[in-house]
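Read through the structure below, which is laid out as C-alpha cells, and then see the notes.
Number of protein chains: 2
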Amino acid sequence: MRVLILGGDGYLGWPTALRFSARGHEVSVVDNFSRRRWVRDAGSGSLTPIADLEDRIDAWEQVSGKRIPSYVGAIEDGDFLDEVVAETRPEAVIHYGQQASAPYSMISRETAVETQYANTIGNLNLLFAMRDHVPDAHLVKLGTMGEYGQPNIDIEEGYIEIEHKGRKDNLPFPKLPGSLYHCAKVHDSTNIHFACRTWGLRATDLNQGVVYGIESDETAGDERLLTRFDYDELFGTVLNRFCLQAVIGHPLTVYGAGQQIRGFLNIRDTLACVELAVTNPAPVGEFRVFNQFTEHFSVMQLAGLVKGAAEHLGYTVEIQHYDNPRVEKEEHYYNPIHTKLLDLGLEPTLLGEELVESLLHTIERYKGNAIESSIDPRTRWNPAKSPAAQA
Amino acid sequence: MRVLILGGDGYLGWPTALRFSARGHEVSVVDNFSRRRWVRDAGSGSLTPIADLEDRIDAWEQVSGKRIPSYVGAIEDGDFLDEVVAETRPEAVIHYGQQASAPYSMISRETAVETQYANTIGNLNLLFAMRDHVPDAHLVKLGTMGEYGQPNIDIEEGYIEIEHKGRKDNLPFPKLPGSLYHCAKVHDSTNIHFACRTWGLRATDLNQGVVYGIESDETAGDERLLTRFDYDELFGTVLNRFCLQAVIGHPLTVYGAGQQIRGFLNIRDTLACVELAVTNPAPVGEFRVFNQFTEHFSVMQLAGLVKGAAEHLGYTVEIQHYDNPRVEKEEHYYNPIHTKLLDLGLEPTLLGEELVESLLHTIERYKGNAIESSIDPRTRWNPAKSPAAQA
Numbered sequence: 225m226r227v228l229i230l231g232g233d234g235y236l237g238w239p240t241a242l243r244f245s246a247r248g249h250e251v252s253v254v255d256n257f258s259r260r261r262w263v264r265d266a267g268s269g270s271l272t273p274i275a276d277l278e279d280r281i282d283a284w285e286q287v288s289g290k291r292i293p294s295y296v297g298a299i300e301d302g303d304f305l306d307e308v309v310a311e312t313r314p315e316a317v318i319h320y321g322q323q324a325s326a327p328y329s330m331i332s333r334e335t336a337v338e339t340q341y342a343n344t345i346g347n348l349n350l351l352f353a354m355r356d357h358v359p360d361a362h363l364v365k366l367g368t369m370g371e372y373g374q375p376n377i378d379i380e381e382g383y384i385e386i387e388h389k390g391r392k393d394n395l396p397f398p399k400l401p402g403s404l405y406h407c408a409k410v411h412d413s414t415n416i417h418f419a420c421r422t423w424g425l426r427a428t429d430l431n432q433g434v435v436y437g438i439e440s441d442e443t444a445g446d447e448r449l450l451t452r453f454d455y456d457e458l459f460g461t462v463l464n465r466f467c468l469q470a471v472i473g474h475p476l477t478v479y480g481a482g483q484q485i486r487g488f489l490n491i492r493d494t495l496a497c498v499e500l501a502v503t504n505p506a507p508v509g510e511f512r513v514f515n516q517f518t519e520h521f522s523v524m525q526l527a528g529l530v531k532g533a534a535e536h537l538g539y540t541v542e543i544q545h546y547d548n549p550r551v552e553k554e555e556h557y558y559n560p561i562h563t564k565l566l567d568l569g570l571e572p573t574l575l576g577e578e579l580v581e582s583l584l585h586t587i588e589r590y591k592g593n594a595i596e597s598s599i600d601p602r603t604r605w606n607p608a609k610s611p612a613a614q615a
Numbered sequence: 225m226r227v228l229i230l231g232g233d234g235y236l237g238w239p240t241a242l243r244f245s246a247r248g249h250e251v252s253v254v255d256n257f258s259r260r261r262w263v264r265d266a267g268s269g270s271l272t273p274i275a276d277l278e279d280r281i282d283a284w285e286q287v288s289g290k291r292i293p294s295y296v297g298a299i300e301d302g303d304f305l306d307e308v309v310a311e312t313r314p315e316a317v318i319h320y321g322q323q324a325s326a327p328y329s330m331i332s333r334e335t336a337v338e339t340q341y342a343n344t345i346g347n348l349n350l351l352f353a354m355r356d357h358v359p360d361a362h363l364v365k366l367g368t369m370g371e372y373g374q375p376n377i378d379i380e381e382g383y384i385e386i387e388h389k390g391r392k393d394n395l396p397f398p399k400l401p402g403s404l405y406h407c408a409k410v411h412d413s414t415n416i417h418f419a420c421r422t423w424g425l426r427a428t429d430l431n432q433g434v435v436y437g438i439e440s441d442e443t444a445g446d447e448r449l450l451t452r453f454d455y456d457e458l459f460g461t462v463l464n465r466f467c468l469q470a471v472i473g474h475p476l477t478v479y480g481a482g483q484q485i486r487g488f489l490n491i492r493d494t495l496a497c498v499e500l501a502v503t504n505p506a507p508v509g510e511f512r513v514f515n516q517f518t519e520h521f522s523v524m525q526l527a528g529l530v531k532g533a534a535e536h537l538g539y540t541v542e543i544q545h546y547d548n549p550r551v552e553k554e555e556h557y558y559n560p561i562h563t564k565l566l567d568l569g570l571e572p573t574l575l576g577e578e579l580v581e582s583l584l585h586t587i588e589r590y591k592g593n594a595i596e597s598s599i600d601p602r603t604r605w606n607p608a609k610s611p612a613a614q615a
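Protein chains in written order, with my numbering: chain A, 225 to 615; chain B, 225 to 615.
As C-alpha cells, then:
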C-alpha cells in the first residue's frame, strides 16, 4: 500500500515509517524538522542521539534494502503539500505532523498562535489535497484523549447516543479540551468530520493517550535508527520524564496531589494501533474515532511504579509535589471506553515493573545527554495564578 | 461603558457602534476593511452607498456630537490588537471582526484557509489581549446557529444535560457545522470556552440566526450613516437576496426543494440582543451561550412571503429551484430553543408582509447599483457533485 506519513521524522512518525516499510508498504515521509527546532529552542534536546533524516533513511536502506522517499517542507504551505500528495498518490495518509505539546501551546500568545496555525491550517490543507487528488484514500489522524477533558460521564469513542425530550441522535461526543494544543486537536476533529460529511472522505481519528517508551522492533538494535526521546517539561510525556528523572537523581515532578488520571500506551502499541487502523480502513464518508490507549493510571500511581522499579535497580528516588502548573480537576471521574482497537485485534503491551526497568536501562545508556535545567515545570496555564504572580 | 467593537465597519458592526454611541457609551471600532475587499473582489458591492469609515465617523459626529475613535488594522496581527486593547481598556468587547460568509469559505483551499486563519487566529489573539489587559471585561462574540447543524434532537442554548449510564453532566452541545466558515465558528467557541475555564474570562457567544434588514434607528434618515447591504451569492443572506431579486426581476434563487429551515432575526433585533448581552454581562469565568434568533422559517416560506409582498407592490416574481450547491439535509427536524434573550427582555420584531414591503421600498431606491451577475449560486460545497463535474 502507498502510505504517506506527515511528521515522519518525529518520535512516533519515524518508527511508524520503519514499521510500514518493514511490512512491505511503499512509505514516503514529510517533515520540516520543527520538533527538532522547538526542543532545541527550549534549551533541551533528545536524550537519544538521533541521526539526520537523510542519514536515518540511508541507514534503514542499508539494514532493510528499502528506500523511504522524503519531502522536506511545512504542511502549512498548501501548495507544497498539494504537490506531495499529487506526486505520492497515497492510499493511506498517517498525520503526525503537528505541534504536539500542551505546555508549549500555553507559553505565550506567540506559541499558542503557532500551534493553532501549524496544526489547524496544516490539517485543513491536507483535507483539500486529499479531496483533490486521492478522495478514496484513508486519513489516519492522531488526536488525543485530552480533547475530552474530564466530563462526569463515561467517555465514549467519538460519538454518544443522546436521548433528549423524547428524541434521539448519535452525535459527536462533547469536548472539554485541556490546553490550547488540545483545542487545536478539537478543531481538527471538527474540520475532518465536516470533510467526511461533505466530500465523502474517510478518516480515522486516533484519540491517543499518553505514550511512553523508546524502542520499537525496527529501531532497537541499531543506534542509527533510534527515535527521539524527550524528557523536558514541554515535550517529555509523564512516564518518560519520571524514568529519566529517576536515573539522573532528580525528584519525580508530580503536579499537585497527582490524583489526575490519564490513559497510557506503549510506543509499540501506538504503532500496532496505527497499523490496525490503516489495514482496516474507515468506510467511505465515515469519520471514525478510536480511543487509543491500553490502561489508565493516576500520576501518583506512575510515580510509585517508577520509584519501585528504580529502587529495585539501586537508585534512590524522591517524589516531589509541585504546585500544579495546569488548570485541571485534580480529583475526577474518569472512565473512557476503549474497545474498538481491541475488537480489531490489538494485543496490549501492559505496563509493569519489568517494562519500566527495561526503559530505565535504555535511559542509563544516554543519561549523559540529559539537560537537567529543562526538567522543572515553568509553563503555567494561568500566569495570573502562579506563585510568583500572587507573591 | 467603554465598548470596543471589532469589525466596526461591517453590516452589523457599524450600526452597533452607532447604537452604543447613541446610548452614551464610549465606543471605539477596529476594522481592516476586508469585507469591502472580499465583496469587491467577488465582482459585487454593497447595494446601499456606503461612506468610508472616516467619513461615516465624521457624519455621526455632526449628527450626534459624539466621536468614535477608529483603529485600522487586522486582528490577525496580535501585536496590533494587543496595543488597541491596552489603549482602549474596554469593559465590553463586541467581536464581529470575522470573515462571515459560508459560501466564501467553500470556494477554494485558499478562501477556506483565509477564513479559518482570519477568524480563529484573530479570536485567539483577542483572548490573549483580554487576558493580559482587561481580564474582567466581557467578550460578546458573534457565533451562528449554523454551528449546530441539523441534529435530530432539540437544539439547546450552548449546553445540554446528558444522562449516560447512570451518571450526568451538563456539557457543550454537540456541533455539526455546515461549512468551513461554520467550523471556524465552532473553533472559536472551543477556544473561548477554554479561556473562560482556564483564565477566568467571561464571555457570551451569540449563536445568531440569519439576519435580514437594512436600517436601524440610528442609520435611517441620513444616507451618510447607512450600513452595507449585500445581495450576492456569497455575502447576501437569504431574505435580503430574495428581496433584491424580486425588485430587479431576477427569479428567487431557492436551493433544492427549499424545505431547509433556519432561524431568522431582524437587524434591529441583532442590535437589541447585543445590547442586552452587554448590559447583562456573563458572570466571571462563564462561557454563556444564547441562541439569537426570533423566528424560524423554511426557505420556501420566505420565498412565498417575498413573492406575496412584491406582487402586492406590482412586481412579477418567479421562484426558481436551483440544484442545491450546499451539502445539507433538505428535510430535517429543527427545534432550537431560544428563550434566554427573551428572558432578558428582548421584544422581537416579527417578520410579516408589511416589513418585507418596507424592505422592498428601501431596496427600490438603490436598485440601480445591483450587479446581477453576482446573484446566481456558483460556489459548490462539493465540486465533485456539481452538474458540470457529473456531465
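Heads up, the beta-carbon is just placed ideally off N, CA and C, and yes, glycines get one too. For clarity, every value in this text was computed on a predicted model and none was experimentally measured.
Between the C-alpha atoms of residue i and residue j, what's the straight-line distance to the nearest angstrom?
i                      : j                      : result
residue 192 of chain B : residue 274 of chain A : The structure shown does not extend to residue 192 of chain B, since chain B is modelled only from 225 to 615, so the question has no answer here.
residue 252 of chain A : residue 294 of chain A : 6 Å
residue 231 of chain B : residue 450 of chain B : 16 Å
residue 305 of chain A : residue 345 of chain B : 21 Å
residue 570 of chain A : residue 366 of chain A : 17 Å
residue 377 of chain B : residue 388 of chain A : 6 Å
residue 515 of chain B : residue 372 of chain B : 10 Å
residue 265 of chain A : residue 566 of chain B : 53 Å
residue 249 of chain A : residue 241 of chain A : 9 Å
residue 618 of chain A : residue 269 of chain A : With chain A running from 225 to 615 in the structure shown, residue 618 of chain A is simply not present.
residue 442 of chain A : residue 470 of chain A : 27 Å
residue 574 of chain B : residue 331 of chain A : 48 Å
residue 416 of chain A : residue 511 of chain B : 25 Å
residue 460 of chain B : residue 261 of chain A : 45 Å
What are the start and end residues of the alpha helix (DSSP H) that includes residue i?
i                      : result
residue 327 of chain A : 326-329
residue 239 of chain A : 237-246
residue 474 of chain A : Counting along the chain, residue 474 of chain A falls outside any alpha helix (DSSP H), and DSSP gives it neither H nor E.
residue 309 of chain B : 302-312
residue 255 of chain A : Careful: residue 255 of chain A lies outside any alpha helix (DSSP H), inside the beta strand (DSSP E) at 250-255.
residue 347 of chain B : 346-357
residue 227 of chain A : It is not in any alpha helix (DSSP H) - residue 227 of chain A instead sits in the beta strand (DSSP E) that spans 226-230.
residue 582 of chain A : 577-590
In chain order, what residues of the same chain have a beta carbon less than 8 Å from the beta carbon of residue i, not counting five sequence neighbours either side?
i                      : result
residue 601 of chain A : 327, 457, 477, 479, 546 and 549
residue 615 of chain B : Because the pLDDT at residue 615 of chain B is just 46, under 50, the model does not fix this residue reliably, and the point stays unresolved.
residue 283 of chain B : 275, 446, 448 and 449
residue 364 of chain B : 316, 317, 318, 319, 427, 428, 430, 498, 501 and 502
Who are the near neighbours of residue i in its chain, counting only those whose CB is closer than 6 Å to its CB and skipping five residues on each side?
i                      : result
residue 593 of chain B : 271
residue 586 of chain B : 438
residue 482 of chain B : 523 and 524
residue 236 of chain A : 320 and 494
residue 411 of chain B : 344
If you follow the beta strand (DSSP E) that residue i is part of, which residue opens it and which one closes it?
i                      : result
residue 429 of chain B : 426-432
residue 512 of chain A : 511-516
residue 383 of chain A : 383-388
residue 368 of chain A : 362-368
residue 259 of chain B : Segment 258-265 is the alpha helix (DSSP H) holding residue 259 of chain B; no beta strand (DSSP E) there.
residue 294 of chain B : 294-296
Can you list, in chain order, the residues of its chain with a C-beta nearer than 7 Å to that of residue i? Leave out the 5 residues immediately preceding and following it.
i                      : result
residue 288 of chain A : 245 and 246
residue 368 of chain B : 406, 409, 431 and 432
**OP:** Examine the Cβ distances between the stretch 556-570 of chain B and the stretch 514-524 of chain B and report whether three or more of them are shorter than 8 Å.
**Re:** yes
Original post:
Listed from N- to C-terminal order along the chain, which residues in the stretch 361-378 of chain B have their beta-carbon within a distance smaller than 7 Å of any beta-carbon of chain A?
Top reply: Listed by position along the chain: 375, 376, 377 and 378.
Subject >> Chain-ordered residues of the stretch 464-498 of chain B with a beta carbon less than 8 Å from chain E >> reply: Protein chains A and B are contained in the structure displayed, whereas chain E is not.
**OP:** Using a Cβ-Cβ cut-off of less than 7 Å, give me the residues of the stretch 332-346 of chain B that come near chain A, in sequence order.
**Re:** If you check each beta-carbon in the stretch 332-346 of chain B against every beta-carbon of chain A, the ones closer than 7 Å belong to 333, 336, 337, 340, 341, 344 and 345.
Subject >> Cβ-based contacts, 8 Å cut-off: residues of the stretch 536-563 of chain A near chain B >> reply: 551 and 557
Original post:
What residues in the stretch 420-440 of chain A have a beta carbon less than 9 Å from any beta carbon of chain B?
Top reply: Answer in chain order: 421, 422, 423 and 424.
Subject >> chain A contacts from the stretch 294-309 of chain B (Cβ-Cβ distance under 7 Å) >> reply: 302
Subject >> Positions along the stretch 560-589 of chain B whose CB lies within less than 8 Å of some CB in chain A >> reply: The stretch 560-589 of chain B vs chain A, Cβ under 8 Å: nothing.
Subject >> Stretch-stretch touch, CB-based, cutoff 8 Å, three pairs: the stretch 524-544 of chain B with the stretch 384-402 of chain B >> reply: no
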